[in-house]
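Peer 1:
Below is the structure:
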């Protein structure tokens, strides 16, 4: 049961790590898209004959788009890793649930056996006590008879 719980904890930690990485990638992609939009707007506002600035902005936009594409590929990999981590977590939770059920069954069986042993012991003790009372009663009766016979002599 402890091993199953440890496996669940490990799977949860892995899933959390993957989700954090995915969140960072999504934030980076969003930031890059915003920077690309800003550069695109600036490019559109740039004077037609300002070729130097236009070239720089086009290069900047291209670089931002490449970075965003790279981050998107990484995000896709992270999403697949998240799916895998989620599947591992579900598998670990299933194993933990089975282990918990087995532990509960073992505990119930042990409790039932202990109860039966206790009931048998109580019955045995009651039987021994009854036999002892009967023997004691016989001894008392024999002693009384002996006393009467001695008195009558």
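Residue numbers (UniProt numbering): 1 to 153. Glycine included, every Cβ here is placed at the ideal spot set by N, Cα and C. Just so it is clear, the structure is predicted and the values come from calculations on it, not from any experiment.
Three-state secondary structure (DSSP) at residue 1?
Peer 2: Residue 1 falls in the coil class under three-state DSSP.
Peer 1: May I have a chain-ordered list of the beta strand (DSSP E) segments no shorter than 3 residues that lie completely inside the stretch 6 to 40?
Peer 2: DSSP runs (the beta strand (DSSP E)) wholly in the stretch 6 to 40: none.
Peer 1: Please look up how many angstroms separate the CB atoms of residue 57 and residue 42, rounded, as I've assumed it's under 8 Å.
Peer 2: The pair is a contact, with the Cβ atoms about 6 Å apart (cut-off 8 Å).
Peer 1: Return the Cβ separation of residue 15 and residue 118 in integer angstroms, given the expectation that the two are a contact with Cβ distance under 8 Å.
Peer 2: In fact, because the Cβ distance is near 47 Å, the residues do not count as touching under 8 Å.
Peer 1: Three-state secondary structure (DSSP) at residue 50?
Peer 2: If DSSP states are grouped into helix, strand and coil, residue 50 belongs with coil.
Peer 1: Which runs of the alpha helix (DSSP H) fall wholly inside the UniProt region "Disordered" (91 to 111) and span at least 4 residues, in chain order?
Peer 2: As far as the UniProt region "Disordered" (91 to 111) is concerned, it has no whole alpha helix (DSSP H) run of at least 4 residues.
Peer 1: If you draw a straight line from the C-alpha of residue 24 to the C-alpha of residue 98, how long is it?
Peer 2: Cα-Cα distance, rounded: 36 Å.
Peer 1: Between the alpha carbons of residue 61 and residue 28, how many angstroms are there, rounded?
Peer 2: Rounded to the nearest angstrom, the two C-alpha atoms are 15 Å apart.
Peer 1: For residue 36 versus residue 64, is the C-beta spacing smaller than 8 Å?
Peer 2: In contact: residue 36 and residue 64 (Cβ atoms closer than 8 Å).
Peer 1: Helix, strand or coil: which one does DSSP assign to residue 66?
Peer 2: Three-state result, residue 66: helix.
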